[in-house]
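K.L.:
Just so we're aligned, residue 395 is where the sequence shown starts under this note's numbering, counting upward by one.
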Amino acid sequence: MVRQVLGIALVILGAIVMIINISFLKTNAYYDGIRGLSFAVFMIGIFLIPRYSKSKKQIT
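(1) Determine the closest residue to Ile440 out of Phe418, Lys450, Ile406, with distance taken between C-alpha atoms.
(2) Whose CA, out of Tyr446, Leu431, Val399, lies closest to the CA of Val411?
(3) Kindly indicate which residue of Gln452, Lys451, Lys450, Pro444 has the alpha-carbon position closest to the one of Arg397.
(4) Are there 16 or more other CB atoms within 10 angstroms of the CB of Asn422, so buried, or fewer, so exposed?
(5) Taking only three categories from DSSP, how would you classify Ile443?
(6) Closest to Ile402 by C-alpha separation, out of Ser417, Phe418, Leu442, would be which residue?
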């Protein structure tokens, strides 16, 4: 559960930083670094969100 919440938070944080970076920081010297870092945070957040599989039926 904690992993899923952390993943969702990282995805949202990465997306917000990307939007701010593209909108306001194009003339900044750190534009490429911030863009790369926010993309990395976004991708790590996607991989932290767990995937669900079918539960195994117990035969009794």
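Just so it is clear, CB atoms sit at the ideal spot from N, CA and C, and this is done for glycine as well.
P.N.:
Inspection of the coordinates gives the following:
(1) Locating residue 440 in the sequence shown gives position 46, counting from the first residue. Measuring from the Cα of Ile440, the nearest candidate turns out to be Ile406.
(2) As a first step, residue 411 is located in the sequence shown; it is residue number 17 there, counting from the start. Answer by Cα proximity: Leu431.
(3) Within the sequence shown, the letter at position 3 stands for residue 397. It is Pro444.
(4) Along the sequence shown, read from residue 1 onward, the residue named residue 422 stands at position 28. Flag for Asn422 reads exposed.
(5) If you number the sequence shown from 1, residue 443 lands on position 49. Reduced to three states, the DSSP call for Ile443 is coil.
(6) For the purposes of this step, residue 402 is taken as residue 8 along the sequence shown, with counting starting at 1. When each option's Cα is compared against that of Ile402, the closest is Leu442.
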